[in-house]
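Everything below concerns the one structure shown next.
Residue numbers (this note's numbering): -11 to 88.
Here it is, written out as structure tokens:
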């Protein structure tokens, strides 16, 4: 079983090992090109929002919804995984997201 946390932390890759807290490279998880591209785009937007101190609540909510959607897709691409989503902006965790 693999335990993952998807997060928008500005210093990370977007995917952490939930047990060791180490960031993982998306390529190492053999995610599809589409998911890796979506993750990379989302991380860029999340980092920009971080630089603006998460001032835009609507943008913050939109990006957290996108992060949750990415977490669900990743769970679907890695059978048997447990995937959480951590909102850096809100400092909250959504535990064990369901795949789409």
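Note that beta-carbon positions come from the ideal geometry of N, C-alpha and C, so glycine has one too.
When the alpha-carbon of residue 34 is set against those of 68, 55 and 67, the nearest one is in 55.
Burial is judged here by how many other beta carbons sit within 10 angstroms of a residue's own beta carbon; residue 67 has fewer than 16 and is exposed.
Membership of residue -8 in the beta strand (DSSP E) is indicated by the continuous run -9 to -5. At the C-beta level, residue -4 and residue 51 come within 8 angstroms of one another. The criterion of a C-beta distance shorter than 8 angstroms is satisfied by residue 31 and residue 2. Scanning 26, -2 and 5 for the CA closest to the CA of residue 61 turns up 26.
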